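For what it's worth, our numbering labels the leading residue of the sequence shown as 3, then goes sequentially.
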Amino acid sequence: MENEIKEALLRIAEKDPAFLHQLLGSRFLQNPCPPDRAGPRFVVHPTATVSPSAHIELNDPETRIEVGAGSSINHFAWLRAWGKGIRMGADCTLNHYSMIQGPVTLGDGVRIGAHTVFIAVEHVFARRDIPIHEQGITSRGITVGSDVYIGSNVTILDGVTIGQGAIIAAGAVVTQDVPPHVIVGGIPARVLKARP
Ligand SMILES: CC(C)(COP(=O)(O)OP(=O)(O)OC[C@H]1O[C@@H](n2cnc3c(N)ncnc32)[C@H](O)[C@@H]1OP(=O)(O)O)[C@@H](O)C(=O)NCCC(=O)NCCS
3 MENEIKEALL
13 RIAEKDPAFL
23 HQLLGSRFLQ
33 NPCPPDRAGP
43 RFVVHPTATV
53 SPSAHIELND
63 PETRIEVGAG
73 SSINHFAWLR
83 AWGKGIRMGA
93 DCTLNHYSMI
103 QGPVTLGDGV
113 RIGAHTVFIA
123 VEHVFARRDI
133 PIHEQGITSR
143 GITVGSDVYI
153 GSNVTILDGV
163 TIGQGAIIAA
173 GAVVTQDVPP
183 HVIVGGIPAR
193 VLKARP
């Protein structure tokens with residue numbers, strides 16, 4: 003019986019690989035969270051994929067994570083949500099070892115290279131007489147427009163908005179808003195040129 007099923011699956015794989023991907027994807031990729039986390043607060047579109055090694059944290063009772071159609075979260079990526087949560091639109095890719103931390107909204111078609119970090123949080127350090135870790139944190143959130151290409155090893159700081167169609171060069175530290183359709187790079191990131 004088992005062999006017959008295996009043979010049938012192999013025949014299907016030859017004729018219709020997309021079906022097999024759908025079948026296996028739905029079992030092994032799309033709901034990697036432990037059952038206590040999956041559900042209305044961790045919403046993964048049926049055509050999106052999330053690696054089982056991705057790390058998902060919902061750090062307050064109200065927050066949520068939404069992963070849009072065709073998007074993928076690759077191996078060892080981290081999503082740490084609180085406040086307004088994390089929303090990825092359609093066809094986004096979060097590559098290996100990248101981290102999204104705090105309230106972050108991505109449009110559609112946002113590509114994010116490996117080892118990139120979104121830090122939508124800042125320590126308060128206004129006083130010298132109190133340790134920084136006792137002064138609290140602020141969090142304004144990060145917003146990224148659609149069709150944005152973010153290279154590897156980029157750091158994006160809290161409060162930044164990145165315009166549609168912008169490109170962030172590898173290794174940049176983005177401290178200010180980025181206009182649409184420009185290429186920025188360096189530390190701190192500056193406009194290198196406009197996209198043709
Ligand atoms: C920015 C990038 C897209 C190149 O764009 P480009 O249009 O080919 O740019 P050019 O090579 O013509 O360089 C334009 C200028 O930007 C500078 N530049 C290019 N990449 C840079 C970087 N990562 N950091 C700082 N400056 C950079 C160049 O030195 C050049 O400066 P100059 O005009 O003073 O000589 C590319 O360099 C890059 O960083 N790609 C990201 C790769 C990556 O991480 N991929 C992950 C895939 S998931």
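Even for Gly, the Cβ is constructed at its ideal location relative to N, Cα and C. On a predicted model such as this, the values are computed, not experimentally measured, just so you know.
Buried versus exposed call for residue i [16 or more other C-beta atoms within 10 Å across all chains shown]
i: Gln103; result: buried
i: Gly188; result: exposed
i: Glu16; result: exposed
i: Val2; result: Outside the shown range of the chain (3 to 198) lies residue 2, about which nothing can therefore be said.
i: Arg82; result: buried
i: Pro36; result: Note that Pro36 has pLDDT 46, beneath the 50 cutoff, so the model's placement of it is unreliable and no number is given.
i: Ala56; result: buried
i: Ile185; result: buried
i: Ile58; result: buried
Identity of the residue in the options nearest residue i by Cα
i: Val112; options: Ile75, Lys86, Pro190; result: Ile75
i: Phe78; options: Pro54, Pro48, Gly72, Ile67; result: Pro54
i: Val123; options: Arg129, Glu6, Gly161, Ile132; result: Gly161
i: Lys195; options: Val176, Ile170, Gly109; result: Ile170
i: His47; options: Leu12, Leu60, Glu68; result: Glu68
i: Thr145; options: Gln178, Met3, Thr49; result: Gln178
i: Ser73; options: Val176, Ala50, Gly87, Leu81; result: Ala50
i: Lys86; options: Arg43, His57, Ile7; result: Arg43
i: Val176; options: Arg130, Thr140, Ala191; result: Ala191
Beta-carbon proximity list for residue i, same chain, < 7 Å, skipping 5 on both sides
i: Ile114; result: Thr95, Leu96, Asn97, Ser100, Ile152
i: Pro182; result: Gly147, Gly165, Gln166, Gly167, Ala168
Neighbourhood of residue i by C-beta distance below 8 Å, restricted to the same chain and skipping five residues each side
i: Asn155; result: Gly115, Ala116, His117, Thr118, Ala172, Gly173
i: His135; result: His125
i: Asp110; result: Gly70, Gly91, Ala92, Asp93, Cys94, Ser148, Asp149
Cβ separation of residue i and residue j, assumed to be a contact under 8 Å, to the nearest whole Å
i: Phe120; j: Ile158; result: 5 Å
i: Pro105; j: Gly143; result: 4 Å
Spatial neighbours of residue i in its chain, beta-carbon cut-off 6 Å, leaving aside the 5 residues before and after
i: Arg89; result: Glu68, Thr107
i: Trp84; result: Asn61, Asp62, Thr65
i: Asp38; result: Summary for Asp38: the model assigns pLDDT 43, below 50, so the residue's position carries little reliability; its value from the coordinates is reported in the next sentence. Excluding sequence neighbours, Asp38 sits near nothing in its chain.
Check: residue i C-beta below 7 Å from any heavy atom of ligand 3
i: Ile169; result: Among the ligands in the structure shown, ligand 3 does not appear; only ligand 1 can be found there.
### Query
If you scan the stretch 78-136 from start to end, which runs of the beta strand (DSSP E) of 3 or more residues do you find wholly inside it?
80-83, 88-90, 101-103, 106-108, 119-121
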